[in-house]
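Trainee: Residue numbers (my numbering): 2 to 107.
1) Name the DSSP bridge partner or partners of residue 82?
2) Between the alpha carbons of residue 76 and residue 85, how many angstroms are there, rounded?
3) To the nearest angstrom, report how far apart residue 104 and residue 87 are at their CA atoms.
4) Look at the alpha carbon of residue 5 and the alpha carbon of residue 23, and state the distance between them as a whole number of angstroms.
5) On the premise that residue 32 lies in contact with residue 10, defined as a C-beta separation below 8 angstroms, what is that separation, rounded to the nearest angstrom?
6) Note down the Cα distance separating residue 101 from residue 93, rounded to an integer number of angstroms.
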């Protein structure tokens, strides 16, 4: 509804009396003593809070900034990756040595 432009009413819900309509517009006057509601203005969330989250699900959220504790599987994976990198490095060194000395297996 189009009403007289007042900065105090921008973005607010007010009760109006419609006095003119057209194909693409509706004009209205403010009703005296009507309540002004701010539908979009809510109290700000706390820093780091997730918007749209219901309170009963809030305890399921894990803070992703905290690192997960290392388990035995993490240590095994790191050791396995280290062994793989060493094996690849040694194989590349062996191939370079074979190319330089021309000692290809027959």
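Even for Gly, the Cβ is constructed at its ideal location relative to N, Cα and C. All of these numbers come straight from a predicted model, not from anything done at the bench.
Mentor: So, to answer that:
1) Residue 82 is not bridged by DSSP to any residue.
2) Rounded to whole angstroms, residue 76 to residue 85 spans 14 angstroms at the Cα level.
3) 23 angstroms
4) 17 angstroms
5) Contact flag wrong, Cβ pair sits at about 13 angstroms.
6) 12 angstroms
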